[in-house]
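Numbering (my numbering), first residue to last: 214 to 589.
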């Protein structure tokens, strides 16, 4: 089996320095002093600041409005009327919420989020202290450390090399369990199960599992609950609940054309036209064309790849593409792609398959054609 590469002490030292330099900037201001211009711009003391989509969504949610309502409002009126209405609602809140904290990217200086309290934002320094503690306590080794200065976030994947587990009835499927730790100005600290597939040394973060945990602040009560949760994870050897059953079902479930195209798009951002080497989207679309079967509903149209194969195509790119090709794919890209792959594994799959397919009913069971699953 391939050797899972871990970060050296020197690399970890450099990543820690990068993490401290990526700390989000924050400023607490009177909520009345913020003026929304449009979905991408806010104004503060006469200066206009660019704003990310997530920041806009966060501001709307903080005011107590839904995305659906704001979109419908703009459809009925216009963007200027929408901004004016949101500002009116914001100012009406000033009696209950006097101040708000603006969170900015340290690199782009864009607004990446808003917070009701400055204490809701956990510094990267405190996060790294907590991460070091968890790594030391559990004998973890670090596989990835991604720093995204644009978002002010950091993600660490760590696993226990001595703790392996398998899947009943699948001799080749052996994994090592661990955790993904993330700190961001939007979600605070998040801890999610992380698994390494030993056959091809692929890493996958199962962010949608029951074991995922968010820590919004470092109060005594919050920390006690957090470590109780970690103790439970330790008892389960950090194996996600139902992971074995999920893998078995994923192996036996064909991916829909919609799921295949989504996964293909995620990796195409990093490997370009080589994406079909991992997820054969063009081959599948050509098969439908040759069979004269239009893909009317992609969610109900079967591909010749299993969910498990598609997931592993994504994780193989995340883990190995930076070494296989000369491309500008950084650790932050790898860790994010591992989370996206885990989300596909953990979602409710498009199982209906009502549309006719050019592939046999059991095409996804043909191990020879399972591109992602065969990679090593």
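We put the CB at the ideal spot given by N, CA and C, even for glycine. Bear in mind the structure is a predicted one, so any value in this text is a computation, not a measurement.
Tell me, to the nearest whole angstrom, how far the beta carbon of residue 463 is from that of residue 521; I am working on the premise that it is less than 8 Å.
Rounded, the Cβ-Cβ distance is 4 Å, consistent with contact.
In three-state terms, what does DSSP make of residue 484?
Helix at residue 484.
Could you give the first and the last residue of the continuous beta strand (DSSP E) run that contains residue 301?
Per DSSP, residue 301 belongs to no beta strand (DSSP E); it is in the alpha helix (DSSP H), 292-305.
Quick one: grab the DSSP three-state call for residue 475.
Three-state result, residue 475: helix.
Residue span of the beta strand (DSSP E) that contains residue 326, given as start and end:
DSSP places residue 326 in the uninterrupted beta strand (DSSP E) bounded by 324-328.
Relative to the C-alpha of residue 217, which candidate in 416, 440, 433 and 582 has its C-alpha closest?
It is 416.
Here's the rule: buried if 16 or more other CB atoms are within 10 angstroms of the residue's CB, otherwise exposed. What is residue 436?
Its Cβ having fewer than 16 others within 10 Å, residue 436 is exposed.
Have a look at the DSSP bridge pairing and note the partners of residue 562.
None, per the DSSP bridge assignment.
Keeping to the same chain, check which residues put their C-beta closer than 6 Å to that of residue 488; ignore five residues upstream and five downstream.
Within the same chain, residue 488 has close Cβ partners 477, 480 and 481.
Taking 7 Å as the limit between beta carbons, can you name the residues of its chain near residue 251, skipping five residues before and five after?
Only residues of its own chain outside the window of five on either side were considered, and among them 292 and 296 have a CB closer than 7 Å to the CB of residue 251, listed in chain order.
Whole angstroms are fine: how far does the CA of residue 362 sit from the CA of residue 234?
Roughly 8 Å separates the two Cα atoms.
Considering only residues of the same chain and omitting the five flanking positions on each side of residue 228, which have a CB-CB separation below 6 Å?
Result list for residue 228: 358, in chain order.
Please classify residue 504 as buried or exposed, where buried requires at least 16 other C-beta atoms within 10 Å of its C-beta.
Residue 504 should be labelled exposed.
For residue 524 and residue 557, the rounded distance between their alpha carbons
CA-CA distance, residue 557 to residue 524, rounds to 7 Å.
Report the partner residues of residue 378 according to the DSSP bridge assignment.
Paired residue(s): 388.
Residue 441, buried or exposed, once every other Cβ within 10 Å from all chains shown has been counted against 16:
So residue 441 counts as exposed.
Which ranges would you report for the alpha helix (DSSP H) in the segment 218-300 if only whole runs of at least 4 residues count?
Counting whole runs of 4 or more residues, the segment 218-300 contains the alpha helix (DSSP H) stretches 222-234, 266-276 and 280-289.
Figure out for me which residue from 533, 484, 547 and 466 has the closest Cα to the Cα of residue 583.
Taking the Cα of residue 583 as reference, the smallest distance to any Cα among 533, 484, 547 and 466 is reached at 466.
Write down every uninterrupted run of the beta strand (DSSP E) in the segment 488-554 whose length is 3 residues or greater and which is fully enclosed by it, in chain order.
Counting only runs that start and end inside the segment 488-554, the beta strand (DSSP E) elements of at least 3 residues fall at 515-519.
Close Cβ partners of residue 587 (< 7 Å) along its chain, the five nearest in sequence each way excluded
Within its own chain, no residue has a Cβ closer than 7 Å to the Cβ of residue 587 once the five positions on either side in sequence are excluded.
CA-to-CA distance, residue 552 to residue 473, given in whole angstroms
Rounded to whole angstroms, residue 473 and residue 552 show a C-alpha spacing of 16 Å.
I'd like to know whether the C-beta atoms of residue 315 and residue 240 end up nearer to each other than 9 Å.
Yes, these two residues count as a Cβ contact at 9 Å.
Does DSSP put residue 403 in a helix, in a strand, or in coil?
Strand, per DSSP.
Extent of the continuous beta strand (DSSP E) to which residue 315 belongs:
From DSSP, the beta strand (DSSP E) with residue 315 extends over 312-317.
Would the beta-carbon of residue 407 fall within 9 Å of that of residue 356?
Taking 9 Å as the Cβ cut-off, residue 407 and residue 356 qualify as a contacting pair.
Mind checking residue 486: buried by the 16 CB within 10 Å criterion, or exposed?
Counting Cβ neighbours within 10 Å, residue 486 comes out exposed, since fewer than 16 surround it.
What do you get for residue 338, buried or exposed, if any count of 16 or more other CB atoms within 10 angstroms of its CB means buried?
With fewer than 16 other Cβ atoms within 10 Å, it is exposed.
Using the Cα positions of residue 449 and residue 534, report the straight-line distance between them to the nearest angstrom.
Here the alpha carbon of residue 449 sits roughly 32 Å from the alpha carbon of residue 534.
Along the chain, where does the alpha helix (DSSP H) containing residue 458 start, and where does it finish?
It spans 456-464 - the alpha helix (DSSP H) in which residue 458 sits, taken as one unbroken run.
What's the gap between the Cα of residue 419 and the Cα of residue 259?
Answer to the nearest angstrom: the Cα atoms are 44 Å apart.
Select from 248, 555, 516 and 499 the residue whose C-alpha is nearest the C-alpha of residue 563.
With distances taken between Cα atoms, residue 563 lies closest to 516.
Out of 327, 321, 365 and 318, point me to the one whose CA is closest to residue 340's CA.
That would be 365, whose Cα lies nearest to the Cα of residue 340.
6 Å Cβ shell around residue 425 - same chain, five flanking residues per side excluded
In chain order, 405 place their CB closer than 6 Å to the CB of residue 425, counting only its own chain and leaving out the 5 sequence neighbours on each side.
Ordered along the chain, which non-local residues of its own chain (more than five positions away) have a Cβ less than 6 Å from that of residue 286?
295.
Proximity below 9 Å, CB of residue 354 to CB of residue 232
In this structure, residue 232 does not lie closer than 9 Å to residue 354 by Cβ.
Given residue 388 as reference, the closest of 493, 266, 541 and 451 once Cα atoms are compared
451 is the residue among 493, 266, 541 and 451 whose C-alpha sits nearest the C-alpha of residue 388.
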